[in-house]
Amino acid sequence: MKKVAIILTCLALAGCTKDVKIASGGDVPVGFSPLTDAATKAVYLGEQNATYTGKGSTYETFKAYARYTDAPGTNPKTGGVEFFPSSGVNCVHGGTGANDYWAPDPTYYWPKNGYLTFHGFSPADLSPFSGTVTHDWNTGITITNFKAGDWHDNYRNRLVDILYSDFEFKKQRSDYTPESGVPYDEASEAAGYAHKGVNLRFHHALAAAQFRFKTDADYSAGRVKYTFKTKRLDLLYLNYKGEFHENRVSGANNNYGNAPAGAITFNDDNALTATPYWIPAADEYTKDIKVSGQVTTLTASAKQVGSTMLVMPQNLVHAGTGHTVSFKITYSFSYQVEGEAEKTYDNLVCVIPLAGLKISGTSTPINQWLINHKYTYTISFHLDPLLFEPYLSADWVEVSPVGISLPYVE
8 MKKVAIILTC LALAGCTKDV KIASGGDVPV GFSPLTDAAT KAVYLGEQNA
58 TYTGKGSTYE TFKAYARYTD APGTNPKTGG VEFFPSSGVN CVHGGTGAND
108 YWAPDPTYYW PKNGYLTFHG FSPADLSPFS GTVTHDWNTG ITITNFKAGD
158 WHDNYRNRLV DILYSDFEFK KQRSDYTPES GVPYDEASEA AGYAHKGVNL
208 RFHHALAAAQ FRFKTDADYS AGRVKYTFKT KRLDLLYLNY KGEFHENRVS
258 GANNNYGNAP AGAITFNDDN ALTATPYWIP AADEYTKDIK VSGQVTTLTA
308 SAKQVGSTML VMPQNLVHAG TGHTVSFKIT YSFSYQVEGE AEKTYDNLVC
358 VIPLAGLKIS GTSTPINQWL INHKYTYTIS FHLDPLLFEP YLSADWVEVS
408 PVGISLPYVE
């Protein structure tokens, strides 16, 4: 399953070192506006999914880059000059309701002439992850010395999405139609972009893993009642160090180069053709990461336990280490015969290696967590049914014939 996240951006340019004239009609600031109920870069901490639900203080900031070119034939990836600082500018949330947006801080304004090309990355400072983010108009975003957090139970570092956008090429102020009191929009808006601004389409750089639990049948009724409860869930042996390469092709519009051997890509079969990629440090992994410490009673209806984990794309078997990414379940099992005291078996542990598990109904094994893929694992607890197989242990025993004379008179 693939997901794409989108940001609509209105970018106004000012406060830059380049001497450019402001568009006629005065200074026109621009902001970034999210979509609602469409593919969106929802600005809240956690998985960026299809519906904008962020609120105030939980909004992320993202970083935008802008390139100025003065002629329509100039490729901004190989020509032109930086319009924002080369390190990018942070964009923060503003506005309310349907007219909320993100604006560069400090404010920038459109030039009167020429063209602006945009690119984006989120979160702006990579927090709570660590690493060095660099931007290049030829190759895009690169993250070196990436570290997702190696401490025991360092769950917070699995809750923030890392996103990179497409390039939005050669936009001018005249491409947008101002409306009174709100950020402006394109005169002819693309399908799905419900808010105002320059359209920046974001993609997930991480993978996502979600865990759901159920019982194989309803064990809560009858003379004997059975109960399963999950108590703690852990992911074992996750890679947490590596490097990310957006891997754009110089001089081409939103195309990717090929990845090197051993990379983790976003192609369904992990093919190395035309893709961004990660290079994990295979021998660097956590011992465990807590997914949930919540006690959850299971039913025959599958329910998610713990939040969706956002993880670095990686091989599920760490070659040469003897370790594989695994899911550890700590649970309890109890049963109660009608009229009797309940019997409980507590703190039972099951460890499930994730490599090689197959997609339901297919023979396709999952051996990597790929970029921009979300993996939903459903774990089903079941009881062994009590079955009887009738069997006669010997042949019939022959009894000597009993004579009866008819008509029978007692």
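Okay, so the sequence shown: first residue is 8 according to the numbering used here, each after it adds one. Ideal Cβ placement from N, Cα and C applies to all residues, glycine included.
Short CB-CB distance (under 7 Å) between residue i and chain C
i: V332; result: You won't find chain C in this structure, because it holds only one protein chain.
Residues of its chain near residue i, where Cβ-Cβ distance is below 6 Å and the 5 sequence neighbours each way are ignored
i: L364; result: I373
i: R230; result: E345
i: N246; result: P287, Y292, M319, Q321
i: V406; result: none
i: G147; result: E253, R255
i: I169; result: A212, L213
i: Y384; result: F218
i: V356; result: T337
i: I362; result: The sequence given here places Ala at residue 362; Ile does not occur at that position. Within the same chain, A362 has close Cβ partners L323, V324, T331, N374.
i: P83; result: R74, T76, T124
i: T328; result: D290
i: D26; result: No answer about D26 holds up, because its pLDDT of 30 lies below 50 and its placement is not dependable.
i: A155; result: F136, N164, Y247, M319
Strand pairing of residue i, partner residues [DSSP]
i: G147; result: D143
i: F153; result: G249
i: H389; result: Note: H389 sits in no beta bridge, so no partner.
i: G127; result: A71
i: W285; result: F251, I271
i: N260; result: According to DSSP, N260 bridges with nothing at all.
i: F91; result: Partner(s): none; F91 has no beta bridge.
i: S137; result: K154
i: K297; result: D241
i: A2; result: A question about residue 2 goes unanswered here, because the residues of the chain that appear run from 8 up to 417.
i: I336; result: L240, C357
Residue range of the unbroken beta strand (DSSP E) whose run includes residue i
i: K177; result: 175-178
i: S172; result: 170-172
i: N379; result: N379 -> no beta strand (DSSP E), and no H or E assigned at all.
i: K238; result: 231-243
i: V358; result: 350-360
i: T222; result: 214-222
i: T85; result: Counting along the chain, T85 falls outside any beta strand (DSSP E), and DSSP gives it neither H nor E.
Backbone CA spacing between residue i and residue j [nearest angstrom]
i: F174; j: T85; result: 13 Å
i: A348; j: Y342; result: 9 Å
i: L150; j: P130; result: Inspection of the sequence shows that residue 150 is occupied by Ile rather than by Leu. Going by the C-alpha atoms only, they are around 12 Å apart.
i: R180; j: D143; result: 24 Å
i: V409; j: S400; result: 25 Å
i: Y263; j: N145; result: 10 Å
i: V324; j: F91; result: 42 Å
i: Q375; j: L213; result: 12 Å
i: Y183; j: F125; result: 15 Å
i: G258; j: A326; result: 37 Å
i: F111; j: N97; result: One point to set straight first is that residue 111 is Pro, not Phe, in the sequence displayed. Answer to the nearest angstrom: the Cα atoms are 6 Å apart.
i: V332; j: F136; result: 20 Å
i: V404; j: D353; result: 51 Å
i: Y284; j: T141; result: 15 Å
i: Q301; j: E89; result: 49 Å
i: V312; j: F220; result: 7 Å
i: Y398; j: Y244; result: 49 Å
i: G269; j: R208; result: 28 Å
i: A309; j: T222; result: 8 Å
i: S94; j: H100; result: 20 Å
i: D402; j: L394; result: 24 Å
i: T114; j: S134; result: 23 Å
Supposed contact pair residue j and residue i - C-beta distance, whole angstroms, cut 8 Å
i: A78; j: L123; result: 13 Å between Cβ atoms; not a contact.
i: V298; j: F388; result: Between F388 and V298 the Cβ distance is about 17 Å, and since that is not below 8 Å, they are no contact.
i: T303; j: T234; result: About 11 Å; that fails the 8 Å criterion.
i: F273; j: F153; result: Wrong, their Cβ atoms sit about 17 Å apart, outside the cutoff.
i: K238; j: D295; result: About 14 Å separates the two Cβ atoms, so there is no contact after all.
i: G127; j: A71; result: 5 Å
Cβ neighbours of residue i in the same chain (closer than 8 Å, five flanking residues each side left out)
i: N260; result: F174, F176
Neighbourhood of residue i by C-beta, 7 Å cutoff - its chain only, sequence neighbours within 5 removed
i: N277; result: I271, Q375, L377
Residue i: CB within 6 Å of a non-hydrogen atom of the ligand NAD
i: Q217; result: In terms of ligand content, the structure shown is empty, and the ligand NAD therefore cannot be addressed.
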